[in-house]
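Accompanying notes for the structure given below.
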Amino acid sequence: MGFICLLSQKSIKSENFLSRNVFYSKCSVKVSRFFLLRPAFLHRRTWRFLENLVGRSFGANRVPQWEHFDKLYLLRPSTVFSRTPLGVIHFVGGAFVGSSSQLAYRSLLEGLVQLGYLVIVTPYDTSFDHLVAAESVNSSFVRVMRQLQEEYGIALPVVGLSHSLGCIIQILSSCLFPHVDVNTKGHIFMAYNNKPLKKAVPLYKELLIPSIQMFSSWSIPKEEMNSTWKRISSLFEGFIVSTGDSIMENIDSKTLKEQVYFNWQQIQRAWKQLDPLLEQIQSGRDEFHPSPSDIENIIIQKYSHSSIIIRCEDDLIDESLQLYRLLRGRDLYIKLRSVPGTHLTPLEQNTQVVDNFLRTHFQISSSFSQMSNLYRLIEVIGDSLAEIIFKQASTRII
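Quick note on the working numbering: the sequence shown kicks off at 171 and runs consecutively.
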């Protein structure tokens with residue numbers, strides 16, 4: 171069902187928050203630009219009201235179109251009134267889904283683009299070595315920002331946005347591989363989590379490693395076991411491809427077929443992350459690198475950006491408060507926000523097309539389209555983006 175949800179995203183036209191129109195989007199941009207330069211005493215919600223009032227006066231729907239740029243994915247706001255975005259959101263997703271964030275977080279990111287921001291997604295493969303992912307994310311992002319600066323003629327303000335493990339990757343990238351030529355204003359961290367491996371995966375050291383090592387010692391050489399796993403992985407990939415082919419046979423639209431094929435490729439990429447992970451587990455790897463304590467020391471010694479930390483109220487593995495305690499008290503703009511939802515709220519999808527399909531063909535009613543928590547999260551992120559950029563701008567204007 172999760173695969174079907176991902177495949178349907180390109181064809182979705184939501185009837186609420188996400189189905190904004192061209193005029194609404196660009197009026198939002200113009201109003202929001204003025205908002206960034208408003209007098210300090212004028213409250214943000216006044217401008218939010220005017221923005222929504224203007225937006226509701228128009229009715230043409232628009233679905234954002236993703237661009238594949240080098241190894242990244244880019245989503246631009248519409249360009250009816252203004253060619254230049256309000257700023258750039260650099261997004262890094264969580265474990266495993268971070269390899270295909272443009273699909274897994276599609277509803278969240280497309281909602282933010284409607285506010286007038288350009289979104290850049292930097293995929294990465296999940297591993298035990300966070301430094302590898304951080305360096306990869308950094309180098310890819312810097313390359314695309316150089317080209318965007320040439321395209322728009324200005325250094326667009328950048329705000330990092332990340333979820334779960336993505337917060338760690340973005341923090342390490344910011345601290346150890348700083349963007350010298352990027353106009354970074356700050357970061358927004360959602361559902362920050364820095365648990366050690368034994369807590370992130372219960373009984374990892376006591377059960378998982380010994381079980382895999384015991385299995386590999388039962389007259390199965392390591393090389394043969396790796397070969398067996400690769401055959402299993404290949405079989406599953408074949409299942410994905412054959413299933414995708416059977417789905418595409420029933421799709422008439424050529425455009426949708428291309429989108430479905432591309433999305434299946436992304437699912438294959440997510441699956442392939444398991445190969446190197448299994449090899450490291452088999453070798454007895456028992457902790458992330460850097461370790462959680464090392465990451466805390468890096469934050470204390472090197473982190474230097476304004477940040478807004480967002481936690482979901484029913485998130486059982488959230489450690490946002492710990493991050494807030496590490497950062498507060500410095501000469502930085504640091505805020506902690508709470509929103510309703512769980513650790514998976516940023517991953518919620520608008521699946522109206524899937525809902526209609528299940529109801530029509532299988533008489534199954536679902537509630538996948540109920541995304542009130544995601545809408546609230548998008549609103550809070552939108553306010554936080556303006557808050558971080560305005561906080562920086564106000565120090566120069568006033």
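Beta carbons: idealized from backbone N, C-alpha and C, even for Gly.
With DSSP as the reference, label residue i as helix, strand or coil.
i       : result
Val-328 : strand
Lys-561 : helix
Glu-237 : strand
Ile-504 : strand
Leu-288 : strand
Glu-185 : In this prediction, Glu-185 has a pLDDT of 36, which is less than 50 and means its spatial position is unreliable; nothing more can be read from the coordinates.
Ser-310 : helix
Asn-543 : helix
Ser-270 : helix
Asn-364 : coil
Can you tell me whether residue i is buried or exposed, with buried defined as 16 or more other CB within 10 angstroms of its CB?
i       : result
Leu-571 : One cannot answer for residue 571 here, as it falls past the ends of the chain, which runs 171 to 568.
Ser-309 : exposed
Gly-257 : buried
Ser-270 : buried
Ser-474 : exposed
Asn-467 : exposed
Glu-280 : buried
Pro-255 : buried
Gln-272 : buried
Ala-325 : exposed
Could you check how far apart the C-beta atoms of residue i and residue j are, in whole angstroms? I think they sit under 8 Å.
i       : j       : result
Ser-343 : His-357 : Going by Cβ atoms, the distance from Ser-343 to His-357 rounds to 10 Å, so no, they are not a contact pair.
Ser-554 : Arg-507 : 7 Å
Ser-277 : Glu-518 : 6 Å
Pro-516 : Tyr-275 : 6 Å
Ile-465 : Ile-558 : With 8 Å as the limit, Ile-465 and Ile-558 do not qualify as a contact, their Cβ atoms being about 22 Å apart.
Val-291 : Pro-247 : The pair is not a contact, with the Cβ atoms about 15 Å apart (cut-off 8 Å).
In chain order, what residues of the same chain have a beta carbon less than 6 Å from the beta carbon of residue i, not counting five sequence neighbours either side?
i       : result
Ser-490 : Tyr-362, Ile-479 and Arg-481
Gln-340 : Val-262, Gly-330 and Ser-332
Who pairs with residue i in a beta bridge, going by DSSP?
i       : result
Gly-356 : Val-329 and Ser-476
Phe-261 : Val-291 and Leu-331
Cys-482 : Val-509
His-459 : Asp-299
Tyr-322 : Note: Tyr-322 sits in no beta bridge, so no partner.
Tyr-243 : His-238 and Val-291
Suppose the cutoff is 8 Å on Cβ atoms and the five residues either side in sequence are ignored; what does the same chain contact list for residue i look like?
i       : result
Arg-498 : Ile-504
Arg-316 : Asp-351
Ile-470 : Leu-496
In chain order, what residues of the same chain have a beta carbon less than 7 Å from the beta carbon of residue i, not counting five sequence neighbours either side?
i       : result
Asp-485 : Ala-361, Thr-512 and His-513
Gly-588 : With the chain covering only 171 through 568, there is no way to say anything about residue 588.
Leu-242 : Ile-290, Val-291, Thr-292, Ser-310 and Val-314
Does any residue of chain C have a CB that is nearer than 8 Å to the CB of residue i?
i       : result
Tyr-294 : As a matter of chain content, chain C is missing from the structure shown, which is built from one protein chain.
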